[in-house]
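Quick mapping for you: the protein sequence lines, in order, are chains W and Z. Quick note, in the working numbering, the first sequence goes up one by one and the last residue is 164. Quick note, in the working numbering, the second sequence goes up one by one and the last residue is 125. C-beta: ideal position from N, C-alpha, C; glycine also. Report on one structure; see the data block that follows.
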Amino acid sequence: MRKPAESNRRQFIRLAGSAAMLSAAPLTTMRPAEATPAMLAAAIRTVTGAAVVHAGKVKLDVPPLVENGNTVPLTVSVASPMTRDDHVRSIHVFNEKNPQPNIGNFYLGPQAGRAQISTRIRLADSQKIVAIAHLSDGSFWSESADVVVTLAACTEELI
Amino acid sequence: MAAALINVPKHARRGEVIEIKTLMSHIMETGYRHTAEGAVVPRDIITSFVCRYNGAEVFRAELFPAIAANPFISFFTTATESGKLEFEWIGDNGFSETASASIAVE
């Protein structure tokens with residue numbers, strides 16, 4: 006009598022385990038599509054083309070710990086004299102795990118005087134933010150920052 | 020319609036770099052949210068923002084669903100001459116709003 010009882014328990018555990026797996030699978034498919042690091046890389050390539058992206062010059066100001074992912078203050082500044090010969094053409098901001106890898110593209114010129122923009126963004130998860138600056142000489146510079154989000158955007162349901 | 024909030028200095032010295040802050044009231048619906056019934060809430064966002072200084076474009080932005088509701092954008096420009104700064108927001112479902120501010124440059 007002892008042996009069948011044991012095998013029943015094992016069967017039960019195996020069944021319970023697979024049931025948990027099954028119930029977990031639809032949960033993951035219910036989540037909104039996530040941008041992957043590959044999508045992030047592809048989005049960056051649409052801006053930079055084949056050009057090399059250097060690290061530096063760009064300063065990305067975003068809080069390292071965010072309580073509410075629905076509005077996250079973000080400031081990007083680029084060290085540039087902003088003259089006619091040497092200025093920032095555009096600033097591009099990307100993320101890793103929102104449904105879409107793009108956040109915003111900002112086009113400036115020498116008349117801006119200072120290469121700095123601020124906005125407020127949404128973050129669906131704790132993730133990496135990447136800012137890329139396109140300079141007048143054609144070079145690309147970037148910085149990234151990691152943000153921890155405790156309450157993510159996009160998850161609440163409408164009634 | 021007081022949909023837009025704009026902060027531009029009234030006076031500036033010639034050549035001074037000034038900060039411009041703008042805020043447009045808009046839901047910025049991402050298109051990635053679902054109703055309780057499972058239907059997708061269609062996207063409704065502002066897709067572009069332009070600032071013109073006496074007719075010449077000085078700043079432009081392309082926005083994506085990752086920009087928070089009531090998009091706030093701040094940027095800088097050089098005060099070159101007295102005149103008008105015009106702002107334009109364009110978005111989904113034919114959304115289009117404009118605003119303007121004048122600046123006196125000595």
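If you follow the beta strand (DSSP E) that residue i is in, where does it begin and where does it stop?
| i | result |
| --- | --- |
| Ile49(W) | Note, Ile49(W): premise wrong, no beta strand (DSSP E); alpha helix (DSSP H) at Pro42 to Thr53. |
| Asn26(Z) | Ala23 to Asn26 |
| Ile39(Z) | Val36 to Met43 |
| His53(Z) | Here His53(Z) belongs to no beta strand (DSSP E), and DSSP marks it neither H nor E. |
| Gln121(W) | Gln121 to Ile126 |
Can you list, in chain order, the residues of its chain whose CB lies under 7 angstroms from that of residue i, leaving out five sequence neighbours each side?
| i | result |
| --- | --- |
| Leu156(W) | Glu72, Asn73 and Gly74 |
| Val154(W) | Val71, Gly74, Leu128, Asp130 and Ser131 |
| Pro106(W) | Ala40, Met44, Leu45, Ala48, Phe99 and Asn100 |
| Glu100(Z) | Asn73 and Val124 |
When you compare the CB of residue i with every CB in chain C, is at least one pair closer than 9 angstroms?
| i | result |
| --- | --- |
| Glu107(Z) | Considering every chain present, this structure includes no chain C. Its protein chains are W and Z. |
Taking the beta carbon of residue i as the centre, do at least 16 other beta carbons fall within 10 Å, making it buried, or is it exposed?
| i | result |
| --- | --- |
| Thr97(Z) | buried |
| Ser85(W) | buried |
| Lys102(W) | buried |
| Asn26(Z) | exposed |
| Arg52(Z) | buried |
| Ser28(W) | Summary for Ser28(W): the model assigns pLDDT 46, below 50, so the residue's position carries little reliability, and this model does not support an answer. |
| Thr41(Z) | buried |
| Arg50(W) | exposed |
| Leu82(Z) | buried |
Tell me, which residues are paired with residue i by DSSP?
| i | result |
| --- | --- |
| Val152(W) | Gln132(W) |
| Gly109(W) | Val98(W) and Leu82(Z) |
| Asp142(W) | For Asp142(W), which the question treats as bridged, DSSP gives no partner whatsoever. |
| Ala120(Z) | Leu104(Z) |
| Ser67(Z) | Glu81(Z) and Ile109(Z) |
| Lys64(W) | Ser82(W) |
Leaving aside the five residues before and after residue i along the sequence, list all residues of the same chain whose C-beta is less than 8 angstroms from its C-beta, in chain order.
| i | result |
| --- | --- |
| Pro69(W) | Ala150, Asp151, Val152 and Val153 |
Under 6 angstroms Cβ to Cβ from residue i, same chain only, skipping five residues before and after it: list those, please.
| i | result |
| --- | --- |
| Ser95(W) | Tyr112 and His139 |
| Ser123(W) | Thr80 |
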